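Have a look at the structure below before the remarks.
Residue numbers (the working numbering): 756 to 833.
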């Protein structure tokens, strides 16, 4: 199985999104993308680490308090 780099996958999906807009210029693309990615990323990492916040914060490269803040913002606190 060929592994597709994350950046390539994001680029392909952004292209599809823009194609679906049929020429309408996107607005707030950065904020929209960050909001769409953060919650599933946090859910995935927490699931893979057995909800171990210390380990999850290491995987993400952020401080545990930052992880907790992001979890609260995304309604993911256990």
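Here a beta-carbon is modelled for each residue, glycine too, at the ideal position from N, C-alpha and C.
Given the structure is predicted, the values throughout are model-derived calculations rather than measurements.
If you draw a straight line from the Cα of residue 824 to the Cα of residue 758, it comes to about 32 Å. For residue 765, the number of other beta carbons within 10 angstroms of its own is below 16, and it is reported as exposed. For the 8 Å CB-CB criterion, residue 804 and residue 811 form a contact. Looking at 778, 806, 785 and 793, the one whose alpha-carbon comes closest to that of residue 832 is 806. In the displayed model, residue 774 falls within a helix according to three-state DSSP.
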